[in-house]
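Here's what the structure looks like:
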């Protein structure tokens with residue numbers, strides 16, 4: 001069960017206050033919501049972002065956020081199973097078989113994901129950086145090990161950290177180098193880590209005097 005104390009703006013839908021399901025991101029302001037929640041919002045006639053109230057125009061657009069969707073699935077695999085069970089119960093209760101219907105909302109786009117190299121999953125460890133002053137240190141994670149697709153970027157891992165640490169003030173370091181947000185896990189493993197041992201990232205509050 002999801003409790004209110006766990007809610008975080010990076011992984012939680014502003015509309016339903018649950019973890020993002022089938023995450024969709026608004027093109028105008030880049031805020032993300034569950035697909036069903038944002039469709040209902042548009043169906044009710046709204047044409048502004050429900051979170052920041054940015055004007056989305058006559059035909060607001062949102063797109064499937066593949067990376068955010070994958071992160072939620074990786075962190076909370078039970079949610080996917082729960083969704084499937086609820087869906088089966090719904091169709092059984094109404095006496096008809098599951099059908100894949102096209103969305104009736106012209107404002108929501110589900111384009112095929114852009115062509116990209118599919119790197120294998122990478123398992124790595126996130127641990128606090130204890131080599132900086134205490135003022136920059138952050139607490140350990142309850143589950144410090146992550147397994148994510150190689151194409152996932154640092155910025156997405158930062159979202160995970162922000163969610164679990166309840167702070168946006170965080171940066172990650174590998175081999176004493178602060179990782180840039182646009183780097184992929186695969187590239188870091190092969191160009192920064194460069195060893196056969198399991199990769200380790202250290203995290204901390206932003207530290208101007210990075211090593």
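In our numbering, the protein residues as written are 1 to 211.
Glycine residues also receive a C-beta, built at the ideal position from the N, C-alpha and C atoms.
Here the alpha carbons of residue 144 and residue 125 stand approximately 6 Å from one another. Within the same chain, Cβ atoms closer than 7 Å to the Cβ of residue 141 are found at 126, 164, the five residues on either side in sequence being excluded. In terms of Cβ geometry, residue 34 and residue 11 do not form a close pair [threshold 8 Å].
Three or more Cβ pairs drawn from the segment 196-203 and the segment 169-179 lie within less than 8 Å of each other, which places the two stretches in contact. Annotated as proximal: residue 49 and residue 29, with beta-carbon spacing under 8 Å. At a cut-off of 4 residues, the continuous stretches assigned as alpha helix (DSSP H) that sit fully inside the segment 149-197 are 154-165, 185-188. Taking a contact to require three or more Cβ pairs closer than 8 Å, the segment 70-77 and the segment 52-62 do not qualify as touching. The alpha carbon of residue 19 has as its nearest neighbour, out of 46, 160, 62, the alpha carbon of 160. Nearest C-alpha to residue 52 among 32, 64, 44, 43: 32. Scanning its chain for C-beta atoms nearer than 8 Å, with the 5 sequence neighbours on each side dropped, one finds around residue 137 the residues 128, 129, 130, 204, 205, in chain order. Among the bridge pairs identified by DSSP, residue 137 is matched with none.
For residue 67, the enclosing alpha helix (DSSP H) begins and ends at 66-75. Under DSSP, residue 19 shares a beta bridge with 12. In this structure, the beta-carbon distance from residue 122 to residue 194 does not fall below 8 Å.
Residue 184 is classed as buried because its beta carbon has at least 16 other beta carbons within 10 Å across all chains shown. Straight across, the Cα-Cα distance linking residue 23 with residue 66 is about 7 Å.
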